[in-house]
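This report concerns only the one structure given below.
In the working numbering, the protein residues as written are 1 to 147.
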């Protein structure tokens, strides 16, 4: 741990060897190597309870996809739809046809398959639900289960 009463000059340096990620925490006493897996473990299990940055990043991208699916009259969604178009029901945008220059939304859109496989729909407004194409039970749509 870094003593908070002192004024450490902190920084991070990563070392990725054989599938494990170690982080060096720099302070005025030099670099101290720590295992990221141990830092992210819950406090009850002897860790520090720090949340994993990759997991939090995936959660944030998934939240943006959820907001895209549920918020209709917001400016940022209108901009995305104008630039990339959306599926006919407006649940998600289409994939960008461009290889370069799309930045942030392309990064968020990379989580779409995960989002689709874990999102569940509740029938309420029939204009936004496709009875035969949506997955209701298991991993297949009714159209593919009963051709």
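No residue lacks a Cβ here, since even glycine has one placed at the ideal position from N, Cα and C. Computed from a predicted model, the values in this text were never measured in an experiment.
Taking all protein chains shown into account, residue 83 has fewer than 16 neighbouring C-beta atoms within 10 Å of its C-beta and is therefore exposed.
The C-alpha of residue 61 is placed about 26 angstroms away from the C-alpha of residue 35.
In this structure, DSSP gives residue 144 a helical state, which the three-state scheme calls helix. The C-alpha of residue 133 lies about 30 angstroms from the C-alpha of residue 57.
Taking C-beta atoms under 8 angstroms as the contact rule, residue 38 and residue 47 qualify, at a distance of about 6 angstroms.
By the neighbour-count definition (other C-beta atoms within 10 Å, threshold 16), residue 59 is an exposed residue.
For residue 64, the CB contacts under 7 angstroms within the same chain, skipping 5 residues up- and downstream, are 108 in chain order.
In the DSSP assignment, residue 119 falls outside any alpha helix (DSSP H), carrying neither H nor E. For residue 75, the enclosing alpha helix (DSSP H) has its first and last residue at 75 to 84. Closest option to residue 118, judged by alpha-carbon separation, among 44, 53, 66: 66.
Residue 80 counts as buried, since at least 16 other C-beta atoms from the protein chains shown sit within 10 angstroms of its C-beta.
In chain order, 68, 71 place their CB closer than 7 angstroms to the CB of residue 77, counting only its own chain and leaving out the 5 sequence neighbours on each side.
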